[in-house]
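Here's the structure we're looking at; comments come further down.
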Amino acid sequence: MIVRVRRFLAEGWNEHGTHLLHHFIAAVMLASMMQALETRHLLEWLDGAMLRVSAGASGSGSPESDPGKRYRPGIVDITPDAFSAVFQERRPLDRDRLHELLEAISRRHPEILAVDIDVSPAIYERDAPRALDQLLKRLVQSGMQIALVLPDPSDANVNLEWIRARCADGVHFASPLITERMGAVTRIDINTPSLAAIALQLASRPRIAPTAGPAHASPNLADQICEAAEHAQSEHALADTARLPASEPGESKPEPRETVPLHPAAVAMRNFIPTTSDVVLADGHAGVAGTAALGPVVFVGGSYDVGDNFESAQGPVQGLYMHAASYTSLAMITSEVHRLGVLAGDIVLGVILGFLFGKAWESYGDRTRTVQGHWQQVMTAKDPMFGINGKRKSLCRARTDAVFGLLANRIWLVATWVIPCALAAAAVYFAHWFLREGWWINPGPIILGMFLHAMSLRHTAAKGNEKHGHGHEHGAREHALEPHLSNQKREPGAFKELLIEHPGSVIAQLPLAAIFLAIAFWPR
7 MIVRVRRFLA EGWNEHGTHL LHHFIAAVML ASMMQALETR HLLEWLDGAM
57 LRVSAGASGS GSPESDPGKR YRPGIVDITP DAFSAVFQER RPLDRDRLHE
107 LLEAISRRHP EILAVDIDVS PAIYERDAPR ALDQLLKRLV QSGMQIALVL
157 PDPSDANVNL EWIRARCADG VHFASPLITE RMGAVTRIDI NTPSLAAIAL
207 QLASRPRIAP TAGPAHASPN LADQICEAAE HAQSEHALAD TARLPASEPG
257 ESKPEPRETV PLHPAAVAMR NFIPTTSDVV LADGHAGVAG TAALGPVVFV
307 GGSYDVGDNF ESAQGPVQGL YMHAASYTSL AMITSEVHRL GVLAGDIVLG
357 VILGFLFGKA WESYGDRTRT VQGHWQQVMT AKDPMFGING KRKSLCRART
407 DAVFGLLANR IWLVATWVIP CALAAAAVYF AHWFLREGWW INPGPIILGM
457 FLHAMSLRHT AAKGNEKHGH GHEHGAREHA LEPHLSNQKR EPGAFKELLI
507 EHPGSVIAQL PLAAIFLAIA FWPR
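Each residue of the sequence shown is one higher than the one before, counting from 7 in our numbering.
The following block contains the structure:
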């Protein structure tokens, strides 16, 4: 049995070893090239486009089937109506009304309060203590953890001391920025002090405990801005620090920015409805609609500003809801498949597709040669009745058959290109399925590599098929006529035959594959 298996493997290697090596080297080169480009952030546009396509295909789901239901924070929304009725459309928002609103929220006993509102002192408040600041201090002392977004930096640094004072009171600060790629929010930074990442890290601390924290989050992420504010010389420098990834103590340079995909269910607007409460005016004071508990984590902000819209795979989303969606997605831990796994999968898929495309192009080459032979006989025929394949047929019918043969060959060419298109659609579908399960595999490099592989085999497969056909025919004739001579000749090994038939694979593709692999996995 073992001998038969070994003989079967040896015969298979002798017959297909050269093709296997050829497709393997090409697959390694293409997969490593895509990995190198993706590692150096040169394919972010492709990643963003694929995330939009894959996430957009999922629809918005329903609250009952929301996979992030247990992670959704409470949302207190200052709607356009509330902006008009409660805040009289004043900018900045009336501080007394904000004081009333935060007091009303505190009566619902949240543990984490993420405020997506600039609550820094207005011009008329800078010369006297503010009741709003005293409220923030009192809430922190009562056990609530508060994260405020940084105010816009000013050249006069009018808010720098106020930021330091709030940090001394125990308030945390976060960056209000939301990063877009390809015109849409498709990824979330996990190691920069965004409002969502800080809120989730605060909720993950042992004494608060209910949820998992963002993957790989730095331990000092929530305190990064306050630590930087102690030494910052300007608000602009502090704002720049808020955009940088957190670094471990003692490190000379910051860590590279890390991102994870935004889960499509997290940003579906209809999934926000069960946890969203509007701001209302009750008995002359700002309050929260309804009496239900808001939950342990509450995001406060407004949807009244039309300029605070962000595009997502599910459509336009207001900034407040995008922060809350980022929090939910981070809590759901949407991760990426490890690069080594993606590389191995690309190589295996590339080898399989190489054989598939090779056979398709060989079939197309055979059909082309057959049609060309028939057409040449038709064009050179002088006798109205002449023979093709031993059969007599009229010149008119032969011409008709040749024309239809040419048409059938073009249809086969279209079908050959339909194969990679269908596989590309399947790759997008499977990427969407994995994304719903919390894993992201960017199908873009796979699709690009597949089309490049198909194009590279267009000519080599046809030529190789023709060459192999003549070679096998010659070998069979030689074996039939002179068996004693053919037995004495040893066929070259698969690698030597590869070097003879496809020298570019050994001379160019193999060194390029090694270079791209080194670039892809070289420590950054």
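Glycine included, C-beta positions come from ideal geometry on N, C-alpha and C.
Separation of residue j from residue i, as counted between CA atoms
i: A238; j: Y327; result: 31 Å
i: V357; j: V146; result: 60 Å
i: A524; j: A366; result: 33 Å
i: P127; j: A55; result: 41 Å
i: G219; j: Q207; result: Bear in mind that the predicted position of G219 carries a pLDDT of just 43, short of 50, making it unreliable; the figure below should be weighed with that in mind. The alpha-carbon atoms of G219 and Q207 are separated by roughly 6 Å.
i: A350; j: T281; result: 42 Å
i: R136; j: Q320; result: 41 Å
i: R172; j: L142; result: 8 Å
i: P251; j: V266; result: 14 Å
i: D87; j: I123; result: 17 Å
i: E44; j: Y130; result: 50 Å
i: A414; j: G364; result: 19 Å
i: Q151; j: A37; result: 46 Å
i: S511; j: D158; result: 56 Å
i: A272; j: S309; result: 18 Å
i: V34; j: C427; result: 21 Å
i: F305; j: S90; result: 21 Å
i: L279; j: E233; result: What sits at residue 279 in the sequence shown is Ile, not Leu. For I279 and E233, the distance between alpha carbons rounds to 37 Å.
Proximity below 8 Å, CB of residue i to CB of residue j
i: I84; j: G307; result: yes
i: A292; j: I81; result: no
i: D100; j: Q94; result: yes
i: A205; j: A153; result: yes
i: L362; j: I425; result: yes
i: G189; j: E317; result: yes
i: P302; j: P73; result: no
i: L268; j: S332; result: yes
i: A430; j: L336; result: no
Reduced DSSP category for residue i - H, G, I as helix; E, B as strand; rest coil
i: G189; result: coil
i: V125; result: coil
i: G307; result: strand
i: D229; result: coil
i: H115; result: coil
i: A524; result: helix
i: F316; result: strand
i: L99; result: coil
i: F179; result: strand
i: P135; result: coil
Own chain, CB closer than 6 Å to residue i, minus 5 neighbours either side, in chain order
i: G176; result: V146
i: L52; result: G450
i: F30; result: V357
i: I231; result: F179, P199 and A248
Minimum Cβ-Cβ distance from residue i to chain C less than 8 Å
i: D161; result: In the displayed structure, chain C is absent; only one protein chain is listed.
7 Å CB neighbourhood of residue i in its chain, flanking five on each side removed
i: E503; result: T24
i: A228; result: H178, I204, Q207 and L208
i: R249; result: S181, L183 and T198
i: R345; result: Q41
i: A526; result: S38, Q41, A42 and T45
i: V125; result: L104, L138 and L154
i: P98; result: D124 and A128
Cβ-heavy atom distance, residue i to the ligand HEM, below 7 Å
i: V285; result: Ligands displayed in this structure: none; no statement on the ligand HEM is therefore possible.
Review point. Given 8 Å as the limit, is there contact between the segment 98-116 and the segment 230-244, that is, 3 or more CB pairs closer than that?
Key: no
Review point. Okay, do the segment 152-165 and the segment 285-294 touch, 3+ Cβ pairs below 8 Å being the bar?
Key: no
Review point. Looking at C-beta atoms only, is the number of pairs between the segment 311-325 and the segment 193-200 that lie closer than 8 Å three or more?
Key: Here the segment 311-325 makes no contact with the segment 193-200; the two share fewer than three CB pairs at distances below 8 Å.
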